[in-house]
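Undergrad:
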Ligand code: NAI
């Protein structure tokens, strides 16, 4: 057993009034997560407090974080892979559940102080305490994000959250993996008391111990939701809502959680044991493994940005206020920066700025915040503010000469050290940089459309680009809360390059007379967020045709795609492409007889084969540094079925026979 005097992740002390304080401050980490050692030390603390309570030396226990910014973000995902069998999962989870049960049964009050993120296992620890106090700060957010890792709460958080908040609110919270602020958590019953700032937490906790405050479970009438027949009705509704977001064979965890609730929620103690039994197979299953991989890939992308750079991007100049420029400007403003939006056409600037109102409405809760954001977005038709910008992003028309002329004209006016970037989607960075006196300065910062929804941004290194500029570019991308992927300048970079052959091959199938609706359904059956034909219409058929030309993958002869572009049928934006679009939705024909599931699955795999093949070539040509980064880029840049862990990972895991199918050439 861990020695209470030799803790490394916790600090344990007892004050003169007999109040014990357990401060979680994980060694060597910027935030608290539950590692095996941190949990063992929690066990030692539980034992010491039990002894102190028995001897009447202790009157209460306060659990609090030693980190300035957060309480506990959950279990340490990096350690999950150490568990190699369901038995091991059950053993280690049961050990922790034993500690939490003992906290709950402690004869003296146990008070939990929450400031910052209180997620997953952190919230489960909090729910085992007798009284929960949280700061009324925007940074304080509670939630169970486990479903995003293909799991559900495993430290008895399912039963305890239902006990405290009632199934009607606790179940959707767990199923969505959403985070809630302290005020809402108080309304739900997950938090008992709110204080203004972290400084008030210890004093409020002391008071709660003195008064022996004890949280009450949810009101009787709200608790009825877990009794028959309400439970069955609720389970049915939840199953219906969950099925709209993902399929059970792709993402089993939320469905298993509903089953757990439906079968066991009448008896919350019984639900605890059933939770552990249902949790273990999910933890060992492929979906959770792959989603954990996706989580690590995301961390890897973030890790591409240096932590310490003597560069703080505060002011941005966006040149070109069209589809991309305006939204890039809005996004940077929403991330706290001051942005000047420049365009040769003043109307474009006005339209671009007006459009950002919707984003600010979504991003900010108060009018004051929205007004402040609007004030940070400046119209700058003449480019007067370029010299003050830390980052200059060009998003003008996709024409080499126009871009070269622009950069030549502004080079002399830039602030020393400012990042100079182009949002080009197809022109080589070194070509654009050619007329510059300082060619090593230019990088690509390639956003995807729609900017607000796409998490990935490619940071492109041209032949002459200096490493320092790439690093600053990555730093900027993480500062606006996007994921940077460093790629070498080459046609299509990573995302468009892998999407191109995938979409072209699908459109050729349509040319050959295959039903577009079936193609799209098959891709969705594989796990793509949208089928390739619908995607082509969404991106714009003119854009698809131009990508096809750049990548030299357009089929010979006149395709349906060419005909449609010539006829001005450009997809969603013109109201018609392969589909007719109404109210932003493609009008799809229903099949006369339902498609065979096996056939859809086979077709889905065939459809993604060109994408996988191209991803392999991207790895071989070292367009990015590793295969993992290719997978990361494709998942976050195209939405490639996350539960499959990325195209290269998927291909490597397939049976040999399937791999042969997958390696078929992209375009006939
Ligand atoms: P757009 O045609 O919607 O907007 C271009 C804007 O640039 C227009 O408002 C035009 O008035 C302005 N402009 C032209 N020359 C200018 C100059 N010398 N100085 C200032 N403003 C000037 O174009 P869009 O679609 O926004 O594309 C911009 C860039 O972003 C292109 O390089 C494109 O390849 C790239 N891109 C486009 C994506 C898309 O989905 N549309 C996705 C990712 C990158």
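In this note's numbering, the protein residues as written are 84 to 751.
Here a beta-carbon is modelled for each residue, glycine too, at the ideal position from N, C-alpha and C.
Among 418, 419, 433, which residue has its Cα nearest to the Cα of residue 425?
TA: Locating residue 425 in the chain shown gives position 342, where the first residue counts as 1. Among 418, 419, 433, the Cα nearest to that of residue 425 belongs to 433.
Undergrad: For residue 204 and residue 158, which I take to be in contact (beta-carbon distance under 8 angstroms), what is that distance rounded to the nearest angstrom?
TA: Indexing the chain shown from 1 puts residue 204 at position 121. Indexing the chain shown from 1 puts residue 158 at position 75. Residue 204 to residue 158, Cβ: 5 angstroms. Contact.
Undergrad: What do you get for residue 496, buried or exposed, if any count of 16 or more other CB atoms within 10 angstroms of its CB means buried?
TA: Locating residue 496 in the chain shown gives position 413, counting from the first residue. Residue 496 is exposed by the Cβ-count criterion.
Undergrad: Spatial neighbours of residue 339 within its chain, please: CB distance less than 6 angstroms, with the 5 preceding and 5 following residues excluded, ordered by chain position.
TA: Working through the chain shown from its first residue, we reach residue 339 at position 256. If we look at residue 339 and ignore the five residues flanking it on each side, its Cβ neighbours are 361.
Undergrad: In whole angstroms, give me the CA-to-CA distance for residue 214 and residue 575.
TA: For the purposes of this step, residue 214 is taken as residue 131 along the chain shown, with counting starting at 1. For the purposes of this step, residue 575 is taken as residue 492 along the chain shown, with counting starting at 1. Taking the straight line from one Cα to the other gives about 55 angstroms.
Undergrad: So, for residue 228: in the same chain, excluding its five sequence neighbours on each side, which residues have a beta-carbon less than 8 angstroms away from its beta-carbon?
TA: As a first step, residue 228 is located in the chain shown; it is residue number 145 there, counting from the start. 157, 202, 203, 260, 262, listed in sequence order.
Undergrad: Quick check: what's the CA-CA separation for residue 462 versus residue 436?
TA: Locating residue 462 in the chain shown gives position 379, where the first residue counts as 1. Locating residue 436 in the chain shown gives position 353, where the first residue counts as 1. Spanning the two alpha carbons is a distance of roughly 8 angstroms.
Undergrad: By the three-class DSSP mapping on this structure, what secondary structure does residue 567 have?
TA: The count along the chain shown starts at 1 and reaches residue 567 at position 484. In the three-state scheme derived from DSSP, where H, G and I count as helix and E and B as strand, residue 567 is classed as strand.
Undergrad: Where residue 183 and residue 166 are concerned, what is the direct C-alpha to C-alpha distance, given to the nearest angstrom?
TA: Mapped onto the chain shown, residue 183 falls at position 100. Mapped onto the chain shown, residue 166 falls at position 83. Distance between the alpha carbons of residue 183 and residue 166 is about 21 angstroms.
Undergrad: To which residues of the same chain is residue 570 closer than 6 angstroms at the C-beta, ignoring the five residues directly before and after it?
TA: By 1-based counting over the chain shown, the position of residue 570 is 487. Excluding sequence neighbours, residue 570 sits near 541, 543, 576, 577, 706, 707.
Undergrad: Among residues of its own chain, excluding the 5 on either side of residue 131, which ones have a beta-carbon nearer than 7 angstroms to its beta-carbon?
TA: Within the chain shown, numbered from 1, the residue matching residue 131 stands at position 48. Cβ neighbours of residue 131 within its own chain (closer than 7 angstroms, five residues either side excluded): 87, 95.
Undergrad: Measure the beta-carbon distance from residue 321 to residue 254 and round it to whole angstroms, keeping in mind my assumption that it falls under 8 angstroms.
TA: Sequence index remark: in the chain shown, residue 321 carries index 238 (1-based). Sequence index remark: in the chain shown, residue 254 carries index 171 (1-based). In this structure residue 321 is in contact with residue 254, their Cβ atoms being roughly 6 angstroms apart against a cut-off of 8 angstroms.
Undergrad: Going along the chain, which residues of its own chain have a beta-carbon closer than 7 angstroms to the beta-carbon of residue 348, five neighbours each way excluded?
TA: Locating residue 348 in the chain shown gives position 265, counting from the first residue. Answer for residue 348: 245, 250, 309, 314, 354, listed in chain order.
Undergrad: Consult DSSP for residue 335 and reduce its assignment to one of helix, strand or coil.
TA: One-based indexing of the chain shown puts residue 335 at position 252. Helix, per DSSP.
Undergrad: Who are the Cβ neighbours of residue 627 in its own chain at under 7 angstroms, not counting the five residues just before and after it?
TA: Taking the first residue of the chain shown as 1, we reach residue 627 at position 544. So the list reads 586, 619, 644, once near-sequence residues are dropped.
Undergrad: With a threshold of 7 angstroms on Cβ separation, who are the neighbours of residue 744 within its own chain once the five nearest residues in sequence on each side are excluded?
TA: Residue mapping note: residue 744 aligns to position 661 of the chain shown, counting from 1. Bear in mind that a pLDDT of 47 at residue 744, under 50, signals an unreliable position, so the number given afterwards is only what the model happens to contain. Here the set comprises 688, 689, 692.
Undergrad: Got a sec? Which residues, its chain only, sit under 6 angstroms from residue 103 by beta carbon, not counting five neighbours each side?
TA: If you number the chain shown from 1, residue 103 lands on position 20. For residue 103, the CB contacts under 6 angstroms within the same chain, skipping 5 residues up- and downstream, are 97, 132, 141, 144 in chain order.
Undergrad: What's the gap between the Cα of residue 469 and the Cα of residue 479?
TA: For the purposes of this step, residue 469 is taken as residue 386 along the chain shown, with counting starting at 1. For the purposes of this step, residue 479 is taken as residue 396 along the chain shown, with counting starting at 1. Rounded to the nearest angstrom, the two C-alpha atoms are 15 angstroms apart.
Undergrad: Please return the same chain residues whose Cβ sits closer than 8 angstroms to the Cβ of residue 740, not counting the five positions on each side in sequence.
TA: Here residue 740 refers to the residue found at position 657 of the chain shown. Any reading at residue 740 must be qualified, since the residue scores a pLDDT of 44, below 50, and its modelled position is unreliable; no value is offered.
Undergrad: Here's a check: name, in chain order, each residue in its chain whose Cβ is nearer than 6 angstroms to the Cβ of residue 562, leaving out the five neighbours to either side.
TA: Position 479 of the chain shown holds residue 562. Here the set comprises 396.
Undergrad: Compute the minimum distance between the beta carbon of residue 617 and the heavy atoms of the ligand NAI, and state whether it is under 6 angstroms.
TA: The residue given as residue 617 occupies position 534 in the chain shown. The answer is no for residue 617.
Undergrad: Taking Cβ positions, are residue 194 and residue 288 nearer each other than 7 angstroms?
TA: Your numbering for residue 194 matches position 111 in the chain shown. Your numbering for residue 288 matches position 205 in the chain shown. In contact: residue 194 and residue 288 (Cβ atoms closer than 7 angstroms).
Undergrad: In the DSSP output, which residue or residues are listed as bridge partners for residue 529?
TA: Counting from one through the chain shown, the residue named residue 529 turns up at place 446. According to DSSP, residue 529 bridges with 541.
Undergrad: Pick from 383, 181, 385: whose alpha carbon is nearest that of residue 352?
TA: Here residue 352 refers to the residue found at position 269 of the chain shown. Residue 352 has its Cα closest to that of 181, out of 383, 181, 385.
Undergrad: Classify residue 226 as helix, strand or coil using the three-state DSSP reduction.
TA: Position 143 of the chain shown holds residue 226. Looking at residue 226 - three-state DSSP - the assignment turns out to be strand.
Undergrad: Starting from the N-terminal side, write out each stretch of the beta strand (DSSP E) that is 3 residues or longer and does not extend beyond the segment 111-197.
TA: Given a length threshold of 3 residues, each whole run of the beta strand (DSSP E) inside the segment 111-197 is given here in chain order: 143-148, 193-197.
Undergrad: Return yes when at least one heavy atom of the ligand NAI lies under 6 angstroms from the C-beta of residue 713, else no.
TA: Here residue 713 refers to the residue found at position 630 of the chain shown. Checking every heavy atom of the ligand NAI against the Cβ of residue 713, none is found closer than 6 angstroms.
Undergrad: With DSSP collapsed to three states, give me the class of residue 742.
TA: Position 659 of the chain shown, counted from the start, is the residue given in the question as residue 742. With a pLDDT of only 49 at residue 742, under 50, the local geometry of the prediction cannot be trusted, and no value is derived from it.
Undergrad: Comparing C-alpha positions only, which one of 401, 486, 583, 459 sits nearest to residue 501?
TA: Residue mapping note: residue 501 aligns to position 418 of the chain shown, counting from 1. Nearest C-alpha to residue 501: 401.
Undergrad: Please classify residue 276 as buried or exposed, where buried requires at least 16 neighbouring CB atoms within 10 angstroms.
TA: Here residue 276 refers to the residue found at position 193 of the chain shown. Of the other Cβ atoms in all chains shown, 16 or more fall within 10 Å of the Cβ of residue 276; this residue is therefore buried.
Undergrad: Could you tell me whether any non-hydrogen atom of the ligand NAI is closer than 6 angstroms to the CB of residue 407?
TA: For the purposes of this step, residue 407 is identified with residue 324 of the chain shown, where counting begins at 1. Under cutoff, so the answer is yes.
Undergrad: Just to confirm the assignment, what range does the alpha helix (DSSP H) spanning residue 378 have?
TA: Mapped onto the chain shown, residue 378 falls at position 295. Unbroken alpha helix (DSSP H) run through residue 378: 369-385.
Undergrad: Considering only the alpha carbon of each residue, which of 582, 596, 671, 667 lies closest to residue 634?
TA: By 1-based counting over the chain shown, the position of residue 634 is 551. Ranking 582, 596, 671, 667 by Cα distance to residue 634 puts 582 first.
Undergrad: Contact between the segment 410-425 and the segment 387-395 is defined here as three or more beta-carbon pairs at a separation below 8 angstroms; is this criterion met?
TA: Verdict: no, contact absent.
Undergrad: So what does DSSP say about residue 669, is it helix, strand or coil?
TA: As a working mapping, residue 669 is identified with position 586 in the chain shown. Reduced to three states, the DSSP call for residue 669 is strand.
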